[in-house]
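Undergrad: In the UniProt record's numbering, the protein residues as written are 1 to 217. We put the CB at the ideal spot given by N, CA and C, even for glycine. Since the structure is predicted, the reported quantities are computational estimates derived from the model, not experimental observations.
1) Return the bridge partner residues of residue 56 from the DSSP annotation.
2) Would you list the one or two residues that DSSP bridges to residue 33?
3) Give me, in chain order, the residues of the same chain whose beta-carbon lies closer than 8 Å to that of residue 162; leave out the 5 immediate sequence neighbours on both sides.
4) With DSSP collapsed to three states, give me the class of residue 146.
5) Rounded to the nearest angstrom, how far is the Cβ of residue 16 from that of residue 55, given a contact under 8 Å?
6) Please identify the residue among 116, 82, 4, 157 whose C-alpha is closest to the C-alpha of residue 189.
7) Where do the ends of the alpha helix (DSSP H) carrying residue 178 lie?
8) Would you grab the beta carbon distance between residue 94 and residue 150 for me? Rounded to a whole angstrom, and I think it's under 8 Å.
9) Measure the CB-CB distance between residue 134 and residue 70 and report whether it falls below 7 Å.
10) Taking three-plus beta-carbon pairs below 8 Å as touching, is the segment 92-111 in contact with the segment 123-142?
11) Using a Cβ distance threshold of 8 Å, determine whether the segment 17-36 contacts the segment 78-85, with at least three qualifying pairs required.
12) Buried or exposed for residue 208, please, with buried defined as at least 16 other CB atoms from any protein chain shown within 10 angstroms of its CB.
13) Assuming residue 24 is part of the alpha helix (DSSP H), what are its boundary residues?
14) Assign residue 153 to one of two classes, buried (16 or more other C-beta atoms within 10 Å of its C-beta) or exposed (fewer than that).
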């Protein structure tokens with residue numbers, strides 16, 4: 001019996017996109033259910049009653065939520081095209097940097113996006129500091145794990161598209177090829193992978209979405 005996979009997500013969520021990338025990199029078939037978070041479906045609430053949010057992966061009727069947890073589940077369940085290295089220390093480091101992306105980098109970017117004036121200005125150096133850590137970790141690497149996309153790349157993947165959108169919406173420049181040459185090269189390599197390229201949401205739609213959510217200066 002073939003595995004039945006369903007992904008509950010929204011069209012714009014970078015967290016849902018992580019799951020799509022991972023499933024396609026593994027060569028797995030799945031069904032996508034797009035959610036309207038202003039009117040959450042009974043199925044989403046049934047499958048994720050604790051957090052009531054996307055993404056949710058449903059595998060043969062069993063739901064898994066939280067994007068990094070889902071990525072680990074996919075990796076543990078389907079061994080082809082591994083996303084994590086075999087070495088235990090390297091696996092731990094991949095998880096560490098994925099967690100850093102969510103706990104530090106993403107939060108600092110969100111803070112700048114949704115604040116104004118002095119508070120926004122004070123938040124920019126934190127984003128730059130977090131990007132410097134990423135820059136240092138990428139030195140000498142095509143991807144975080146080496147020659148192919150892995151767990152940490154998928155976790156960081158949203159930056160390759162969404163940071164540019166946020167730059168356009170806020171007027172703040174985060175990524176400069178001179179300041180962050182490793183990240184710039186990584187973004188180019190990441191976006192060049194067919195699975196990644198094929199699944200980006202419309203940039204124009206993203207700009208419109210974020211402009212609507214950000215208060216005027």
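TA: According to the data block:
1) In the chain shown, residue 56 corresponds to position 56, counting from 1. Looking at the DSSP assignment, residue 56 forms a beta bridge with 8, 65.
2) Taking the first residue of the chain shown as 1, we reach residue 33 at position 33. DSSP, once it has assigned bridges, lists 8 as partnering residue 33.
3) On the chain shown, position 162 is the one that residue 162 refers to. Excluding positions up to five away in sequence, the list reads 14, 206.
4) Along the chain shown, one-based indexing puts residue 146 at 146. Residue state, collapsed to three classes: strand.
5) Numbered from 1 along the chain shown, position 16 holds the residue referred to as residue 16. Numbered from 1 along the chain shown, position 55 holds the residue referred to as residue 55. Between residue 55 and residue 16 the Cβ distance is about 4 Å, and since that is below 8 Å, they are a contact.
6) Indexing the chain shown from 1 puts residue 189 at position 189. Checked all of 116, 82, 4, 157; the closest Cα to residue 189 is 157.
7) In the chain shown, residue 178 corresponds to position 178, counting from 1. Taken as a continuous stretch (DSSP letters only), residue 178 belongs to no alpha helix (DSSP H), as it is neither H nor E.
8) Counting from one through the chain shown, the residue named residue 94 turns up at place 94. Counting from one through the chain shown, the residue named residue 150 turns up at place 150. Correct: roughly 6 Å between the Cβ atoms.
9) Here residue 134 refers to the residue found at position 134 when the chain shown is read from its first residue. Here residue 70 refers to the residue found at position 70 when the chain shown is read from its first residue. Contact: no.
10) yes
11) yes
12) Residue numbering aside, residue 208 sits at position 208 when the chain shown is read from its first letter. Residue 208 comes out exposed.
13) Here the question's residue 24 lines up with position 24 in the chain shown. Counting along the chain, the alpha helix (DSSP H) containing residue 24 begins and ends at 14-25.
14) Within the chain shown, numbered from 1, the residue matching residue 153 stands at position 153. By the 10 Å Cβ count, residue 153 comes out buried.
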